[in-house]
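Enquirer:
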Amino acid sequence: MNLLACSRRVSAGLLSLFLWASSAAQLSNDAAAVKDFQARISRYLALQKQQAVPNQSTSSPGKLAEQEQTRAEKTREARPAARQGDIFTPEIAAYFKKQIAVTMRGPDGAKVRASLRHAEPLPDIHLQVNRKYPSELPLQSTPPTLLMNLPRLPGELQYRVVGSTLVLYDVLSGLVVDLIPAAVPAQ
Amino acid sequence: MNRNMKIAFRFPALCVAAFALWLSPHFPVAAQTERKPATAMAASNGSPAAVPPSGRAGNAPASSLDIRIPLRDKSVRFAVIGDSGTGERSQYEVAQQMEAYWQATRFEFVLMLGDNIYGGHSPRDFARKFEQPYKELLDSGVKFYASLGNHDDPNTERLYKPFNMNGERYYAFRKGDVAFFALDSNYMDPSQLNWLDQNLKNSQGAWKICFFHHPLYNDGRHHGSDVDLRTQVLPLFQRYGVNAVFSGHEHVYQRIKPENNIYYFVLGNSGKLMTHDFGPPGERVKGFDSDQSFMLVEISGDKLYFQTISRSGETIDSGELERNSETHTH
Chain A
-2 MNLLACSRRV
8 SAGLLSLFLW
18 ASSAAQLSND
28 AAAVKDFQAR
38 ISRYLALQKQ
48 QAVPNQSTSS
58 PGKLAEQEQT
68 RAEKTREARP
78 AARQGDIFTP
88 EIAAYFKKQI
98 AVTMRGPDGA
108 KVRASLRHAE
118 PLPDIHLQVN
128 RKYPSELPLQ
138 STPPTLLMNL
148 PRLPGELQYR
158 VVGSTLVLYD
168 VLSGLVVDLI
178 PAAVPAQ
Chain B
20 MNRNMKIAFR
30 FPALCVAAFA
40 LWLSPHFPVA
50 AQTERKPATA
60 MAASNGSPAA
70 VPPSGRAGNA
80 PASSLDIRIP
90 LRDKSVRFAV
100 IGDSGTGERS
110 QYEVAQQMEA
120 YWQATRFEFV
130 LMLGDNIYGG
140 HSPRDFARKF
150 EQPYKELLDS
160 GVKFYASLGN
170 HDDPNTERLY
180 KPFNMNGERY
190 YAFRKGDVAF
200 FALDSNYMDP
210 SQLNWLDQNL
220 KNSQGAWKIC
230 FFHHPLYNDG
240 RHHGSDVDLR
250 TQVLPLFQRY
260 GVNAVFSGHE
270 HVYQRIKPEN
280 NIYYFVLGNS
290 GKLMTHDFGP
300 PGERVKGFDS
310 DQSFMLVEIS
320 GDKLYFQTIS
330 RSGETIDSGE
340 LERNSETHTH
């Protein structure tokens, strides 16, 4: 074996090792981001549960509106300094953006994009963390394949797409918990 | 009479007419003429069945209703509405047709295919867009089973008792031999897919019917088919033998070509309407985009009978479908 061939093999080996190491580091970063995200979600839910009694079924729309409003107010009061990035930290937001991009570019990307287009997409509207999602506006459906590729959420919370923004939505209070602007590529 | 005088005479009359027009959806009784006792021709035996007079006015034909479901003993009979909750006059007129047909067919419950309350969700909205239009049916004990659309508030509506969702976004219930599965197609997350898998697998219903907002197949130009949703739920429908699927979202009526022994209906025009919405025929066998409508469905043994009725009382589609077999339509 001549020196050139030997050197090529060593280079290829080193390159493989480097790629493997970066991929492992990326996986480790992703796992850390997901773990951190889940911990923040748990803290949010624990805080929410401390503040409000469970919503009850009733035939009175007035009572329904009242209990949602009470829950929203109490949750808001419990997070008076809440701001964008409290849950979607830069690291977590980067992970979400990557997952969404991978989904949109993947084999089901065309279906996901079509699903978003067909679901009465909303323009980018100004949403604020810890404020109510405007009740007169529709909540665009979230494509199932996208949901498969994002960390699972408990039933109290949902991911919603509003324009290009990914919104973390509190179903019980109607509050915007956090958001990632420019997370979803333009359709 | 000079021009100013003519305007002065006409102005109060115009005001009264405008007020009456505004009043009619809020107090629909005021806008209607008295309905006489009607006669229904029951398709099962061809003999006229007396229809009790309604205490409330309706705009159905006074002499007879065109009833094309057989009204068999012990059948499961229900109505279907989709995209209904506008609070506009057309919703009330469809509701009056439903009421007239309820008098004749005594359907037991109504499936709601989402967009049950458009716009705001204040108590006034619930009253104007649900409680008032369907008051007579609600007072008569007809149950409404709702699924959620993109215009619905997932929190308030699932907790609103008259929607019978028992606090859930998705749920199942059984009537006779028929198992119904109300799905939340706005948010088909892995938890709901697991729930659907388990519940379809364990269902003992001879018929399995799923209803939800976004259509898997759709010829309408405005929204089209939700292919991503279809990719996720269709394998389950096929694996566990779902027989029929009802969806809304597109503001028209469509009966879709059966696929793998599953019958699909799109009914998104019980309040909203999108006229001239159809392109060239693709998935649909029958389409209707020129008026609002609702459906009557009866399931008896291995047959599902359906009749789609427009706001003006015209039957725009009807037929009978056999469980896992061929379609026979009139």
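From first to last, the protein sequence lines stand for chains A and B.
Note that the numbering used here gives residue 131 to position 134 of the first sequence, counting from 1, and the numbers run on in steps of one.
Note that the numbering used here gives residue 336 to position 317 of the second sequence, counting from 1, and the numbers run on in steps of one.
Even for Gly, the Cβ is constructed at its ideal location relative to N, Cα and C.
None of these values were measured; they are calculated from a predicted model.
Short of 8 Å in beta carbon distance, which residues of its chain neighbour SER159(B), apart from the five on each side in sequence? Order them along the chain.
Expert: Correct list, in chain order: TRP121.
Enquirer: Around the Cβ of LYS220(B), are there at least 16 other Cβ atoms within 10 angstroms (buried) or fewer (exposed)?
Expert: Classification of LYS220(B): exposed, given that the 10 Å Cβ count is below 16.
Enquirer: Nearest to THR294(B) by alpha carbon, out of GLU339(B), ARG91(B), GLY239(B), ILE328(B)?
Expert: Nearest of GLU339(B), ARG91(B), GLY239(B), ILE328(B) to THR294(B), Cα basis: GLY239(B).
Enquirer: By the DSSP assignment, the alpha helix (DSSP H) with ASP158(B) in it spans what residues?
Expert: Note, ASP158(B): alpha helix (DSSP H), 154 to 158.
Enquirer: Given a cut-off of 8 Å, decide if LEU119(A) and LEU137(A) are closer than it, judged by their beta-carbon atoms.
Expert: Per the sequence shown, the amino acid found at residue 137(A) is Gln instead of Leu. The answer is yes: Cβ separation under 8 Å.
Enquirer: Between SER103(B) and GLY290(B), how many whole angstroms is the CB-CB distance? I'm expecting something under 8 Å.
Expert: Yes, they are in contact, since the Cβ atoms of SER103(B) and GLY290(B) sit about 4 Å apart, within 8 Å.
Enquirer: I want to verify the contact list: residues of chain A whose CB lies under 7 Å from the CB of VAL113(B), in sequence order.
Expert: The premise fails here: VAL113(B) is roughly 22 Å from chain A at the closest Cβ pair, so nothing lies under 7 Å.
Enquirer: For GLN217(B), which of helix, strand or coil comes out of DSSP?
Expert: Looking at GLN217(B) - three-state DSSP - the assignment turns out to be helix.
Enquirer: Return the chain-ordered list of same chain residues with a C-beta closer than 7 Å to the C-beta of ARG249(B), the five sequence neighbours on each side being excluded.
Expert: Excluding residues within five positions, the ones whose Cβ falls inside 7 Å are LEU235.
Enquirer: Could you check whether the Cβ of HIS270(B) sits closer than 8 Å to any Cβ belonging to chain A?
Expert: No, HIS270(B) does not count as interfacial toward chain A.
Enquirer: Thinking C-alpha only, which one of GLN251(B), GLY332(B), LEU157(B), GLU269(B) is nearest HIS170(B)?
Expert: That would be GLU269(B), whose Cα lies nearest to the Cα of HIS170(B).
Enquirer: Is GLU74(A) buried or exposed, if buried means 16 or more other CB atoms sit within 10 Å of its CB?
Expert: With fewer than 16 Cβ atoms within 10 Å of its Cβ, GLU74(A) is classed as exposed.
Enquirer: Which residues in the same chain have their Cβ closer than 8 Å to the Cβ of GLN257(B), if we skip the five residues on either side of it in sequence?
Expert: Answer for GLN257(B): ASN279, ILE281, listed in chain order.
Enquirer: Does DSSP put MET131(B) in a helix, in a strand, or in coil?
Expert: MET131(B): strand per DSSP, three-state reduction.
Enquirer: Given that a residue counts as buried once 16 or more other Cβ atoms are within 10 Å of its Cβ, and exposed if not, what is ILE122(A)?
Expert: ILE122(A) comes out exposed.
Enquirer: Determine, using beta-carbon pairs with one atom in the region 312 to 324 of chain B and one in the region 114 to 130 of chain B, whether at least three such pairs fall under 8 Å.
Expert: Touching, yes, given that three or more Cβ pairs across the two stretches are closer than 8 Å.
Enquirer: Which residue marks the beginning of the alpha helix (DSSP H) containing VAL246(B), and which one marks its end?
Expert: Its alpha helix (DSSP H) spans residues 246 to 258.
Enquirer: Three or more beta-carbon pairs under 8 Å between the region 199 to 218 of chain B and the region 324 to 332 of chain B, yes or no?
Expert: In short, these stretches do not touch, since the Cβ pair count stays below three.
Enquirer: Name, going along the chain, the residues of the region 245 to 258 of chain B whose beta-carbon falls closer than 7 Å to a beta-carbon of chain A.
Expert: If the cut-off is 7 Å between Cβ atoms, the region 245 to 258 of chain B has ASP245, VAL246, ASP247, LEU248, THR250, GLN251 near chain A.
Enquirer: Cβ of THR162(A) versus every heavy atom of the ligand ADP: is any distance shorter than 7 Å?
Expert: For the ligand ADP, the structure offers nothing, since it holds no ligand at all.
Enquirer: Are the beta-carbon atoms of LEU165(A) and VAL174(A) separated by less than 8 Å?
Expert: For LEU165(A) and VAL174(A), yes; Cβs fall inside 8 Å.
Enquirer: For LYS108(A), which residues in chain B fall below 8 Å Cβ to Cβ?
Expert: In chain order: VAL246, ASP247, THR250.
Enquirer: In terms of residues, what are the limits of the alpha helix (DSSP H) holding LYS108(A)?
Expert: Run containing LYS108(A): 106 to 115, per the alpha helix (DSSP H) assignment.
Enquirer: Out of LEU130(B), LYS162(B), TYR153(B), which one is the CA nearest neighbour of TYR111(B)?
Expert: Measuring from the Cα of TYR111(B), the nearest candidate turns out to be TYR153(B).
Enquirer: Grab the span of the beta strand (DSSP E) containing MET207(B) for me, first residue to last.
Expert: MET207(B) -> no beta strand (DSSP E), and no H or E assigned at all.
Enquirer: Are any of the Cβ atoms in chain A nearer than 8 Å to that of ASN169(B)?
Expert: By this cut-off, ASN169(B) is an interface position.
Enquirer: Is the beta carbon of ALA225(B) closer than 8 Å to that of ASP196(B)?
Expert: Yes, the Cβ-Cβ distance between ASP196(B) and ALA225(B) is below 8 Å.
Enquirer: May I have the straight-line CA-CA distance separating ALA91(A) from ASN146(A), to the nearest angstrom?
Expert: So the two alpha carbons sit approximately 14 Å from each other.
Enquirer: What three-state label does DSSP hand PRO300(B) in the structure shown?
Expert: Three-state result, PRO300(B): coil.
Enquirer: Starting from ILE97(A), trace the alpha helix (DSSP H) both ways and give me its first and last residue.
Expert: From DSSP, the alpha helix (DSSP H) with ILE97(A) extends over 87 to 102.
Enquirer: Using Cβ-Cβ distances below 9 Å, what residues of the region 172 to 194 of chain B are close to chain A?
Expert: Residues passing the 9 Å Cβ filter: ASP172, PRO173, ASN174, THR175, GLU176, ARG177, LEU178, TYR179, LYS180, PRO181, MET184, ASN185, GLY186, ARG188.
Enquirer: Going along the chain, which residues of its own chain have a beta-carbon closer than 6 Å to the beta-carbon of ARG37(A), five neighbours each way excluded?
Expert: These residues qualify, in order along the chain: ILE84.
Enquirer: Quick check on HIS236(B) - is its C-beta less than 8 Å from some C-beta in chain A?
Expert: Before going further, note that residue 236(B) is Tyr rather than His in the sequence given. So no, TYR236(B) is outside the interface.
Enquirer: Does the Cβ of GLN273(B) have 16 or more other Cβ atoms within 10 Å, making it buried, or fewer, making it exposed?
Expert: The residue in question, GLN273(B), is buried, as its Cβ has 16 or more Cβ neighbours within 10 Å.
Enquirer: Indicate the three-state DSSP secondary structure (helix, strand or coil) for LEU61(A) in the structure shown.
Expert: Helix at LEU61(A).
Enquirer: Report the option in PHE230(B), ASP172(B), ASN174(B) whose CA atom is closest to the CA atom of ALA191(B).
Expert: Comparing Cα-Cα distances from ALA191(B) to each of PHE230(B), ASP172(B), ASN174(B), the minimum goes to PHE230(B).
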